[in-house]
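Chains as they are written, first to last, in the numbering used here: chain A, 43 to 154; chain B, 242 to 359.
Here a beta-carbon is modelled for each residue, glycine too, at the ideal position from N, C-alpha and C.
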Amino acid sequence: EDQVTQSPEALRLQEGESSSLNCSYTVSGLRGLFWYRQDPGKGPEFLFTLYSAGEEKEKERLKATLTKKESFLHITAPKPEDSATYLCAVQNSGAGSYQLTFGKGTKLSVIP
Amino acid sequence: GAVVSQHPSWVICKSGTSVKIECRSLDFQATTMFWYRQFPKQSLMLMATSNEGSKATYEQGVEKDKFLINHASLTLSTLTVTSAHPEDSSFYICSARKTPRVDNQPQHFGDGTRLSIL
C-alpha cells in the first residue's frame, strides 16, 4: 500500500526565514510525485511534478527536490502570501487510473 | 490554463435530501475525473474515479448507491449524494486530468463544495 508522510504538521516562519517541508513516501513504483498548495476552503492548486530521483523544479520562492525515499519543498525568503497548506502526493506506476495518494499536508504560516 | 469549476461551493439542506454537485473542466477535455472527500486536518480521501462514458470505479468502503457519479461528457462529471444524512457533511472536491492521457500529468482541482446536512 502506498504511503505518504509529511512533516512537520505545522510550521510558523517569520517573513524572510527560509525553511524546508518534508514528504516521505513508500510506493512500489513511482510514476510521479506531486506538490500542491491548498488555501482554506479551496481546492488544491498544482505546483510541481517530479519524476525521478535527483530532479529539481523551481517556481518563484519554491524549490522541490526528489530522492528515492523523500521529497523536500524548500521555501526561500517566504512572504505572508505563502501561508497555506502544502500537500504532497504520489502516483504509483501501477495505477491504471492515475490515482494519487496524498499526505496530510504541512500548514505553513508566515508571520510579517 | 487548466481550470476546473465546481458548483455549488456551499450547500445546506435537510436530512433526507439528495444533493447534486457539478464538476466542469472549463478549458480542457477530461477523460478521467476524480471525486475526493476531505475532513478537517485530514488528507484528501479518494472516493471514486469517473471515466467518461463508463461506470465509475469506487474505492473500498464508498457506497455506490449513496454517491451516484455520472460522467456524461468530456467536460462534466456530477456527484449526487442521495438521501443525505448529517454524517455525509463534509468538503467534497473534484479533480480532472487532461486528455489525451499522458503519464505524470497532474490532476487539476475544483474549489470544493462544503456540504452541511441538518
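*Where Ser330 (chain B) meets chain A, residues with beta-carbon distance less than 7 Å*: Residues of chain A passing the Cβ test: none, with the nearest at roughly 15 Å.
*Measuring CB to CB, does Pro154 (chain A) end up less than 8 Å from Glu57 (chain A)?*
yes
*Would you mind reading off the limits of the beta strand (DSSP E) that contains Glu100 (chain A)?*
98-101
*asked:* For the stretch 257-267 of chain B against the stretch 75-93 of chain A, do three or more pairs of beta-carbon atoms, one drawn from each stretch, fall closer than 8 Å, so that the two count as touching?
replied: no
*Taking C-beta to C-beta, are Leu359 (chain B) and Ser331 (chain B) nearer than 8 Å?*
no
_Strictly below 8 Å CB to CB, what residues from chain A border Gly353 (chain B)?_
Gly83, Lys84, Gly85
*Check whether the Cβ of Glu304 (chain B) lies closer than 7 Å to any heavy atom of the ligand ADP, and answer yes or no.*
Among the components modelled here there is no ligand, and therefore nothing to report on the ligand ADP.
_Neighbour flag for Leu142 (chain A) against chain B, beta carbons, 8 Å_ = yes
*Touch check for the stretch 140-147 of chain A and the stretch 284-302 of chain B: three-plus C-beta pairs under 8 Å?*
yes
*Mind checking the stretch 300-325 of chain B against chain A and listing, in chain order, the residues whose C-beta falls within less than 7 Å of any C-beta there?*
none
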